[in-house]
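Visitor: Read left to right, the sequence shown gives residues 0 to 224 (numbering that gives the first Met the number 0). In this text, a Cβ means the ideal position worked out from N, Cα and C, and glycines have one as well.
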Amino acid sequence: MGYHIDTGLILEKLKESSECPLCEIKKIVEEQFLHEFLNDAVMEDNTRIRVGKKGFCERHFNMLFERPNKLSVALQLGTRLEKIEDLFSHITSVGTAKKTAENIEKSLSTCAVCDFVEESMVKYYKTIAQMFSREPEFYKLLISSKGFCMHHYAELLKYSKSAGFMAKHYVDLLSEVEQRNIKRLQKELKEFCDKHDYRNAMKPLGSAETALPRTGVKFYGDNGK
Ligand SMILES: [Zn+2]
Ligand SMILES: [Zn+2]
0 MGYHIDTGLI
10 LEKLKESSEC
20 PLCEIKKIVE
30 EQFLHEFLND
40 AVMEDNTRIR
50 VGKKGFCERH
60 FNMLFERPNK
70 LSVALQLGTR
80 LEKIEDLFSH
90 ITSVGTAKKT
100 AENIEKSLST
110 CAVCDFVEES
120 MVKYYKTIAQ
130 MFSREPEFYK
140 LLISSKGFCM
150 HHYAELLKYS
160 KSAGFMAKHY
170 VDLLSEVEQR
180 NIKRLQKELK
190 EFCDKHDYRN
200 AMKPLGSAET
210 ALPRTGVKFY
220 GDNGK
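1) Does ligand 2 have a heavy atom nearer than 8 Å to the CB of cysteine 249?
2) Would you report the Cα separation of glutamate 208 and valine 28, rounded to the nearest angstrom?
3) Does the beta-carbon of phenylalanine 164 have 16 or more other beta-carbons within 10 angstroms, so that it is buried, or is it exposed?
4) Do phenylalanine 115 and threonine 99 have their C-beta atoms within less than 9 Å of each other?
5) Going by alpha carbons, who is nearest to glutamate 226 out of Leu155, Leu211, Leu173, Val176?
6) I want to see whether chain B comes within less than 9 Å of alanine 73, judged by CB atoms only; does it?
7) Taking C-alpha atoms, which residue in Glu117, His150, Lys186, Leu204 lies nearest to cysteine 19?
8) Nearest to glutamate 177 by CA position, among Glu187, Ser161, Phe147, is which residue?
9) Looking at lysine 25 and asparagine 222, is the spacing between their C-beta atoms short of 9 Å?
10) Using DSSP with H/G/I as helix, E/B as strand and the rest coil, what is proline 212?
11) By the three-class DSSP mapping on this structure, what secondary structure does alanine 200 have?
12) In chain order, what are the residue ranges of uninterrupted beta strand (DSSP E) at least 3 long that sit wholly in the region 40-91?
13) Name the two residues that bound the continuous alpha helix (DSSP H) containing aspartate 114.
14) What residue from Ala200, Lys194, Gln185 has the CA that sits closest to glycine 215's CA?
15) Using a Cβ-Cβ cutoff of less than 6 Å, which residues in the same chain neighbour aspartate 154 once the five nearest sequence positions on both sides are dropped?
16) Using only alpha-carbon positions, find the residue among Arg198, Lys12, Leu21 that is nearest to tyrosine 152.
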């Protein structure tokens, strides 16, 4: 199971007006992996080993379960249950019970789909930095964008070294874009609040109408739910 990084998708999503183009890309990447998990990938050794080891988080189990191919989900959960059995075989005392409890808690949050998606997203973070260092046109696109959600802004900063000798210039630009867009949201939120004054009741709200959910995306990202 693999994912080919689509630079065209980066350009396309940066041109759109969402609060985070990387959240939009993540939805597409996630959709592709969910599709693969329900189709050919179910037979791949590498995927079966990963599913056995990591299982699915609740969100991805629910997303897989909502789709038509229940047999694939059942086969993969069977693989996971086999592995989970190991967790119960080491309880030899109250002390080891505590350790087992911790391992069980930990096992509930690991997820093969999350891992595959995250691996692909890291490639996107690095590719964006590389595109910045190589393509002057990309600079213009990035500077006029609406910025990123907090998580993806942090991830871009984390992988900024991929911009090579342009890295400092890149982090400066990312910060400038993010700050400008946070100011924009502050302004839109103020307009939204002002609208609640009866004296402004007749004024058109414009983009401020959706300022609250878009501020939510800026803070917490948009996972499509
Ligand atoms: Zn995001
Ligand atoms: Zn997951």
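Guide: Put simply:
1) Residue 249 is absent from the structure shown; the chain starts at 0 and stops at 224.
2) The alpha-carbon atoms of glutamate 208 and valine 28 are separated by roughly 30 Å.
3) exposed
4) Cβ distance not < 9 Å, so phenylalanine 115 and threonine 99 don't count as in contact.
5) An answer regarding residue 226 cannot be provided, because it is not within the stretch 0 to 224 covered by the chain.
6) Absence of chain B from the displayed structure is noted, only one protein chain being present.
7) His150
8) If we check each option's Cα against that of glutamate 177, Phe147 comes out closest.
9) Asparagine 222 is a Cβ neighbour of lysine 25, given a cutoff of 9 Å.
10) helix
11) coil
12) Counting whole runs of 3 or more residues, the region 40-91 contains no beta strand (DSSP E) stretch at all.
13) Per DSSP, aspartate 114 belongs to the alpha helix (DSSP H) from 111-133.
14) Of the listed residues, the one whose Cα sits closest to glycine 215 is Gln185.
15) At residue 154 the sequence reads glutamate, which differs from the aspartate that was named. Answer for glutamate 154: Tyr124, listed in chain order.
16) Leu21
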